[in-house]
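Following: one structure in structure tokens, then a few remarks.
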Amino acid sequence: MVRAIASRPALGRFPSADYADLLKTGTLKAAPQGLNQVFTATTGSDANEKAYKAACIWKGTREPQPSLSITRSKPIHQFDVPAFDWLVAPLPQFQYPLDQFATENAAEEKRCLEETELVLDEANDTVAAVVIEPVQAGGSDNHASPAFFRGLRALNKRKSVLTIADEVQTGVGATGKFWAHEHWNLPSPPDMVTFSKTVQAAGFSSATLVYGLTSRTGSSNTWVGDLVRALLFKAIYGEIEKHGLVEQTARIGSHLYRELEALADKYPQNVLNPRGKDRGTFIAWDCPRREEVLGQVKSKGVNMGGRSRLTSSNR
Numbered sequence: 097m098v099r100a101i102a103s104r105p106a107l108g109r110f111p112s113a114d115y116a117d118l119l120k121t122g123t124l125k126a127a128p129q130g131l132n133q134v135f136t137a138t139t140g141s142d143a144n145e146k147a148y149k150a151a152c153i154w155k156g157t158r159e160p161q162p163s164l165s166i167t168r169s170k171p172i173h174q175f176d177v178p179a180f181d182w183l184v185a186p187l188p189q190f191q192y193p194l195d196q197f198a199t200e201n202a203a204e205e206k207r208c209l210e211e212t213e214l215v216l217d218e219a220n221d222t223v224a225a226v227v228i229e230p231v232q233a234g235g236s237d238n239h240a241s242p243a244f245f246r247g248l249r250a251l252n253k254r255k256s257v258l259t260i261a262d263e264v265q266t267g268v269g270a271t272g273k274f275w276a277h278e279h280w281n282l283p284s285p286p287d288m289v290t291f292s293k294t295v296q297a298a299g300f301s302s303a304t305l306v307y308g309l310t311s312r313t314g315s316s317n318t319w320v321g322d323l324v325r326a327l328l329f330k331a332i333y334g335e336i337e338k339h340g341l342v343e344q345t346a347r348i349g350s351h352l353y354r355e356l357e358a359l360a361d362k363y364p365q366n367v368l369n370p371r372g373k374d375r376g377t378f379i380a381w382d383c384p385r386r387e388e389v390l391g392q393v394k395s396k397g398v399n400m401g402g403r404s405r406l407t408s409s410n411r
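Note that this note's numbering has the sequence shown beginning at 97, numbered continuously upward.
Written as structure tokens, this is what we have:
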């Protein structure tokens, strides 16, 4: 650790002798099943951009320019940054409670998949990848069902388009599984999974097919992440495994959601649209008095944040 801090190696050119072993026992050990390669990066944005670049290389298109603004949620992330005219397909907008709107929500998911197929068809084979968050965390915590994600994965395969799961926010246990896309029960994993934030490192995992093309065509850079962050990833993953923290998060999340549902029944004017059932502590709900409630909760020592104008959330 001292050596890594004192002398940061240029991992893209001169990795330390033990770096491969460090990745094998840390980052790759935690990689999603079926994704046996990893590209390390510095930040979540860097991880996603490198994944997009890898997808374009895989597709055989020219190398893209820096992506600038890609977000489809928070306006503050787009306000001062020019955005390219990216193709966009809709994410289902659920009605709650789920058990009361099962028919409507299924129809909404079907509509979104049909519109996604239309977008891909109109793009005339120019799309390299579809990027999706397991939970649209920056936009009020919008969810979709496992069936929707399986349908999207099948559609992408049929259209020869890669699937990139953006797990920068949802990864590393918060949903009650180490990777949120594990809830989808896919027949095969996403082609790439990006990670950052919780694990204090960044990058993307992929299968050999995608990674092999990327590594041969110059997607590398000088630093390619940070040796110290790789050490932290290994240590964090070790603690998660040692103490069964993912399983504990699932148990706590189930209890928390049950209590939240009870509050929604008791105070329907203040606790609306609870969502995140069976997703660990990745839970959110709407509250017209959000700022007041957040202030009171924090005064009790509970760390809780807001996602949008009305939404409160736990992580």
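Positions of the beta carbon are idealized from the N, C-alpha and C atoms, including for glycine. Predicted model only: the values in this text are computed from it and were never measured.
Query                                                                                                                                                                               : Result
What residue range does the beta strand (DSSP E) around residue 302 cover?                                                                                                          : 298–302
Relative to the C-alpha of residue 263, which candidate in 329, 280, 292 has its C-alpha closest?                                                                                   : 292
Smallest Cα separation from residue 244: which of 275, 279, 108, 219?                                                                                                               : 279
For residue 351, count the other beta carbons within 10 Å of its own beta carbon; 16 or more makes it buried, fewer makes it exposed. Which is it?                                  : exposed
For residue 376, which residues from the same chain have a beta carbon less than 6 Å from its beta carbon, with the 5 sequence-adjacent residues on both sides left out?            : 270, 271, 272, 345, 346, 349
Given a cut-off of 8 Å on the beta-carbon distance, is the pair residue 212 and residue 258 in contact?                                                                             : no
Going by beta carbon distance, what residues of the same chain come within less than 7 Å of residue 401, once the five residues before and after it are set aside?                  : 409
Please determine, among 385, 397, 372, the residue with the shortest C-alpha to C-alpha distance to residue 233.                                                                    : 372
Suppose contacts are defined by Cβ-Cβ distances below 8 Å. Is residue 134 in contact with residue 121 by that definition?                                                           : no
Return the chain-ordered list of same chain residues with a C-beta closer than 8 Å to the C-beta of residue 297, the five sequence neighbours on each side being excluded.          : 123, 136, 291, 321, 322, 325, 326, 328, 329
Kindly indicate which residue of 339, 191, 206, 287 has the alpha-carbon position closest to the one of residue 369.                                                                : 191
Would you tell me roughly how many angstroms separate the C-alpha atoms of residue 343 and residue 331, rounded to the nearest one?                                                 : 18 Å
Determine the burial state of residue 277: buried for a count of at least 16 other Cβ atoms within 10 Å of its Cβ, exposed for fewer.                                               : buried
Classify residue 382 as helix, strand or coil using the three-state DSSP reduction.                                                                                                 : strand
For my contact list, residue 128 and residue 285 are in at a C-beta cut-off of 8 Å; report their separation, rounded to the angstrom.                                               : 5 Å
Let me check understanding here. Comparing Cα to Cα, which of 112, 201, 143 lies closest to residue 299?                                                                            : 143
Does residue 364 pass the burial test, meaning 16 or more other C-beta atoms within 10 Å, or should it be called exposed?                                                           : exposed
Assuming residue 261 and residue 242 make a contact with CB atoms under 8 Å, what is their CB distance in whole Å?                                                                  : Incorrect: roughly 13 Å between the Cβ atoms, too far for contact.
Determine the direct distance from the alpha carbon of residue 150 to that of residue 388, and round the result to whole angstroms.                                                 : 45 Å
Would you grab the beta carbon distance between residue 131 and residue 303 for me? Rounded to a whole angstrom, and I think it's under 8 Å.                                        : 6 Å
With respect to the alpha helix (DSSP H) encompassing residue 290, which residues constitute its N-terminal and C-terminal limits?                                                  : Here residue 290 belongs to no alpha helix (DSSP H); instead the beta strand (DSSP E) covers 288–291.
Have a look at residue 384 and residue 366 and give me their C-alpha separation to the nearest angstrom.                                                                            : 6 Å
What did DSSP end up calling residue 438 once you bin it into helix, strand or coil?                                                                                                : Missing from the structure shown is residue 438; the chain here goes from 97 to 411 and no further.
Count the other C-beta atoms from every protein chain shown that fall within 10 angstroms of the C-beta of residue 218, then say buried if there are 16 or more, exposed otherwise. : exposed
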